[in-house]
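In terms of the working numbering, the sequence shown is residues 3 to 407. Virtual Cβ for every residue (Gly too), placed ideally from N, Cα, C. Data first, discussion second: the structure below is written as structure tokens.
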Amino acid sequence: MDYSQSLEWLFKQLPMYQRVGKAAYKANLDNTVLLDNHLGNPHLSFATIHVAGTNGKGSTCHMMASVLQEAGYKVGLYTSPHLKDFRERIRINGVMVPKDYVVDFVNKHKLFFESNQLSFFEMTVGMAFQYFKDSNIDIAIIETGLGGRLDSTNIITPLVSVITNIDKDHVVMLGNTLVKIAGEKAGIIKNDLPVVIGERRASLRSLFRESAISKNAIYHQVNHRLKPLETDLKGTYQKDNVRVACEALSVLNQTSDYEISQRHLNSGLLNVVSNTGLRGRYELLQVQPRVIADTAHNKAGIKTLVKQLKLEKFNKLHIVMGMVSDKDVDQVLSLMPKKAFYYIAKPNVIRGMEIDVLSAFFKKHQLNYKKFNSVSDALDKAKSLAHSDDLIVVTGSVFVVAEII
């Protein structure tokens, strides 16, 4: 198989990459352990930082990777989902895994994958761990894909565990209360090892603290009163992520042989995009009229985005939007600006919410909108109608943003 055939085969493996609900989630680590043993336990060959959380974990991972790169380390970075290219998920010092490596890995282990019915997520984690081992990295930043306790990444024993924050998302798999979701995220806390918590709410912090105590883990709470360092990532909401990243790296400094200076912190945070290739986080795509893309896709993310938009100066607000079927659309749309005009479309993925279903929600919330056949058509129309002092925002899903960057 060539590269495109390898990807097509990967994406078809059950539980499917783009399926809704529990079909996309295996509630155990048996296959991950099986694959890791088959590969010779590559995860034991490199140090890690493990990051979970409802929002901000991707940005936090990229920030930490950038700082460690500035400190001179060879840094693996495993994140999900990708925007344009599958290989975005697996990087070393910002460079994506080569296509040839993906092809060779799939071809070499395809029979094992098929005979054990491994999922897309399990195979991708195995590929990342093997690639990091083969490349002799110094450390890897590993982002959970979903939850924490039963996530395919949760076979590692990290130097530091990090939980950014908690909110309702993926409730079918993780539970429909904040306490249940927090319990799943707390599953990455390891015995006798430090954990950094970015959550602001006292009730949830106490849950994480109790979990840490039960495992004799060293608990570190992020101080959100501290003035954050500057970063090249736009949006005031990144301040919390900066604080989490800095606290985690401070703990790493104190508890390991890794050396990170203030200069490394400053430079790393100011060069996240160039060092790691991160995109889609309040990203300015065009200047006149301004076009901003943001991957906010749940209540907490949209709330943060809307708060940021209130700080912007513009004449009219145009919002290009689509969503996927497993999100709480009512909660999201209840937060959206009433005075904006919306250009809605179905993202081009299986999970994408059908346009007629989405439009019914827009009618219910009395938002002004027009339907389009594609996200790109919606954006083109917004650009044609917007004046130079207007603002266009593209949001609602990672998959919406992926279609226009």
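What does DSSP give as the partner residues of residue 355 in its beta bridges? In the DSSP assignment, no residue is bridged to residue 355.
Pull up the CB-CB distance for residue 304 and residue 338, whole angstroms please, since I reckon it's below 8 Å. Separation of the CB atoms of residue 304 and residue 338 is rounded to 7 Å, and the pair is thereby assigned contact status at 8 Å.
Could you please give the first and the last residue of the uninterrupted alpha helix (DSSP H) stretch that includes residue 323? Looking at the DSSP string, residue 323 is not in any alpha helix (DSSP H); the run it does join, the beta strand (DSSP E), is 319 to 323.
Using the beta-carbon count (16 or more within 10 Å), is residue 182 buried or exposed? By the neighbour-count rule (16 or more Cβ atoms within 10 Å), residue 182 is not buried but exposed.
Name the two residues that bound the continuous alpha helix (DSSP H) containing residue 33. Residues 32 to 40.
Terminal residues of the continuous alpha helix (DSSP H) containing residue 310? Residues 301 to 311.
Could you check how far apart the C-beta atoms of residue 267 and residue 251 are, in whole angstroms? I think they sit under 8 Å. Taking a contact as a CB-CB distance under 8 Å, the pair residue 267 and residue 251 counts as one, their CB atoms being some 7 Å apart.
The beta strand (DSSP E) spanning residue 222 covers which residue range? Where residue 222 is concerned, the enclosing beta strand (DSSP E) starts and stops at 221 to 223.
What is the DSSP secondary structure of residue 125, reduced to helix, strand or coil? Residue 125: helix per DSSP, three-state reduction.
Does the distance from the CB of residue 128 to the CB of residue 9 come in under 7 Å? No, the Cβ-Cβ distance between residue 128 and residue 9 is not below 7 Å.
Check the C-beta distance from residue 403 over to residue 282 and give it rounded, since I have them as a contact under 8 Å. Here residue 403 really is in contact with residue 282; their C-beta atoms are around 5 Å apart, less than 8 Å.
Going by DSSP in three states, residue 399 sits in which element: helix, strand or coil? In the structure shown, residue 399 sits in coil (DSSP, three-state: anything other than H, G, I, E or B).
Kindly list the residues whose CB is nearer than 7 Å to the CB of residue 370, restricted to its own chain and excluding five residues on each side of it in sequence; keep chain order. Taken in chain order, the residues that qualify are 343 and 344.
Return the Cβ separation of residue 302 and residue 397 in integer angstroms, given the expectation that the two are a contact with Cβ distance under 8 Å. The beta-carbon separation of residue 302 and residue 397, rounded to 13 Å, does not stay under the 8 Å limit for a contact.
Do the stretch 64 to 77 and the stretch 125 to 141 touch if we need at least three Cβ pairs shorter than 8 Å? Short answer: they touch.
Using a Cβ-Cβ cut-off of 7 Å, state whether residue 270 counts as contacting chain B. Any reference to chain B falls outside this structure, which holds one protein chain only.
Go ahead and label residue 334 buried or exposed: buried means 16 or more other beta carbons lie within 10 angstroms of its beta carbon, across all protein chains shown. That one is buried.
Taking 8 Å as the threshold, find out whether the stretch 99 to 113 comes into contact with the stretch 162 to 171 through three or more Cβ pairs. No, the stretch 99 to 113 does not touch the stretch 162 to 171.
Please go through the stretch 31 to 114 and give each complete alpha helix (DSSP H) segment of 4 or more residues, from N-terminal end onward. Counting only runs of 4 or more, we get 32 to 40 and 59 to 72.
Cβ distance (whole Å) where residue 64 is taken to contact residue 131 below 8 Å: Actually they do not touch by this definition, with Cβ atoms about 19 Å apart.
Sheet register partners of residue 370 (DSSP bridge): DSSP output for residue 370 lists 343 as bridge partner(s).
From the DSSP output, in three-state form, read off residue 337 for me. If DSSP states are grouped into helix, strand and coil, residue 337 belongs with coil.
Tell whether a beta-carbon distance below 7 Å holds between residue 34 and residue 157. A Cβ-Cβ contact shorter than 7 Å links residue 34 with residue 157.
Between the C-alpha atoms of residue 246 and residue 197, what's the straight-line distance to the nearest angstrom? Roughly 11 Å between the two C-alpha positions.
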